[in-house]
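Residue numbers (the UniProt record's numbering): 1 to 525.
All residues carry an ideal CB built from backbone N, CA and C; glycine is no exception.
First the structure, in the form of structure tokens, and then the observations on it.
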């Protein structure tokens, strides 16, 4: 039956309404859903979309991307997931070539896990440098400080420059040029690049950007040489760096007064005096540690936790285990994200769940676990979106299987999007000796109650292929699936990517086959 006149008018009015509404829809999933309504709506979405993330392993058409989204202002390009080998490396060159021709509105470019060459950075800087406001390069390789010189020379309107986990040979020329040419830089993050010998350039950069610089994250540093830089950077709120000074060299040293975030390693009790004055206003604290084999107390960080009532994000390698978690739960009530890298027990996990009820992300390493502890998470952490549990293989637990605990946790933590369960319960030397900690029944519970899961990583989980079959019957939003040494066959793993329509890739490793990566052949942006 042909559409009536009234139907056509209603459709036209509906599209006109969407034309007005779509620019105000910022959630990516909502945008993707709306774009499926009609061809006209899809065109409106393409014209009005400002931010976009592209997984280059799955989508390899830069030209068609610029055609559909001509006015993109912020583009994130992601390569292979972390720890993939070089066989799956993706070069950014085709994308840089397209950026040079199109994307005239581009202001932010974020590059993650791609192969980037100096020529790529040069072309990017020469063609888009004057317009770029943010450049972030993370877990990339292939380039050197020669490429960064072009960034320093041409990208002089950058507000954010971030180089994370990019190991480069030390060369101060690029950094000197950056200090000379930057006047509006707000965030400089170069944690893995050694600039410890260029304190004068850092002082110059702080002087030129004294009205804008609020975040500085560098590698090894001598705070005694950064006094002038900190005096210029009076607005600094976030600092990260591995402090190399001896205690005697820090007498009289002071951080800027507005500190809100601190990331550092090797901070024994004897150096606490330099951070104690501003801990009450700290929102984010990342404390890595080194080994002090003869003095365990030097790695106890409980004194710091007691001084941080407003802390929201904490990464710690504190050695106190359950006692440390008890202190955190008592004094850090506003915590939203907690990563506890040293070994604790299910007792500490229960204490944290009851004491820090605002947690959205929880990553813990345990020596044992119980169903009761997982049930406690479900009862108290209603805002939890990410949970990662690693059970150390040299310890054992007797409360198995964990099926009921997983069910209770998922039922209570209905917002959970990322789940990582690593149950290495025994000394494993090439054999699967303890699979069954979470049985096929537990996998069925994940399907039934994990409706919002987008990322799922399982290690030594399940009984047979039937568990994986159950897993593919649910989880409608699942995009990433990682399976480590689970008792699933290669055929079962391979078929899962075609059953789950939302799945982008499967990453699996077993005693029977090596890493397997599958991208959906019918994937469309």
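Out of 400, 389, 421 and 385, the CA that lies nearest to the CA of residue 413 is found in 385. Of 192, 146 and 187, the smallest CA-CA separation from residue 167 is found for 192. Judged by DSSP secondary structure, residue 123 falls within the alpha helix (DSSP H) whose first and last residues are 118-128.
Residues 172 and 175 of the same chain have their beta carbon placed closer than 6 Å to that of residue 198, with the five preceding and five following residues left out of the count.
By the Cβ neighbour-count rule, residue 403 is buried, with 16 or more other Cβ atoms within 10 Å of its own. Boundaries of the beta strand (DSSP E) around residue 344: 337-344.
Per DSSP, the beta-bridge partners of residue 265 are 288.
The beta carbon of residue 373 sits closer than 6 Å to the beta carbons of 346, 349 and 350 from its chain, once the five residues preceding and following it are set aside; these are given in chain order.
Spanning the alpha carbons of residue 25 and residue 31 requires a straight line of approximately 6 Å.
Take residue 124, set aside five residues on each side of it, and the residues of its chain with a beta-carbon closer than 7 Å to its own are 96 and 99, in chain order. The alpha carbon of residue 309 has as its nearest neighbour, out of 317, 336, 288 and 323, the alpha carbon of 336. DSSP places residue 305 in the helix class (H, G or I) of the three-state scheme. Looking from the CA of residue 91, the closest CA among 312, 114, 69 and 107 belongs to 114. With respect to the 8 Å criterion, residue 159 and residue 186 are classified as neighbours on the basis of their beta carbons. When the five nearest sequence neighbours on each side are left out, the beta carbons in the same chain lying within less than 8 Å of the beta carbon of residue 233 are those of 206, 209, 210, 213, 216 and 256, in order along the chain. Considering only 268, 280 and 371, the residue with the shortest C-alpha distance to residue 316 is 268. Shortest Cα-Cα distance from residue 411 to any of 421, 375 and 105 involves 375. If you draw a 10 Å sphere on the C-beta of residue 498, you find fewer than 16 other C-beta atoms in it, and that means exposed. The closest CA to that of residue 130, considering only 154, 223 and 481, is found on 154. Boundaries cannot be given for residue 485, as no beta strand (DSSP E) includes it and DSSP labels it neither H nor E.
Here DSSP, grouped into helix, strand and coil, assigns residue 276 to helix.
Sorting 101, 475, 34 and 496 by C-alpha distance to the C-alpha of residue 65 places 101 at the top.
Per DSSP, residue 380 lies in no beta strand (DSSP E) segment; the continuous alpha helix (DSSP H) that holds it begins and ends at 371-380. For residue 389, the enclosing beta strand (DSSP E) has its first and last residue at 386-391.
Spatial neighbours of residue 146 in its own chain (CB-CB distance under 7 Å, excluding positions within 5 residues in sequence) are listed in chain order as 118. Going by DSSP, residue 139 is part of no beta strand (DSSP E) at all; its letter is neither H nor E. For residue 511, the secondary structure class from DSSP, reduced to helix, strand or coil, is coil. CA-CA distance, residue 400 to residue 371, rounds to 8 Å. Runs of the beta strand (DSSP E) lying entirely within the stretch 432-483 and spanning at least 3 residues, in chain order: 455-459. Within the model, the alpha-carbon separation for residue 482 versus residue 165 is close to 23 Å.
In the structure shown, the three-state DSSP call for residue 111 is strand. At a Cβ-Cβ threshold of 8 Å, residue 109 and residue 143 do not count as neighbours.
Contact check for residue 463 against residue 492 fails: the beta carbons are separated by 8 Å or more.
Boundaries of the alpha helix (DSSP H) around residue 176: 173-181. Under the three-state reduction of DSSP output, residue 209 falls in the coil class, being neither helix nor strand.
Note that the C-beta distance between residue 391 and residue 423 is below 8 Å.
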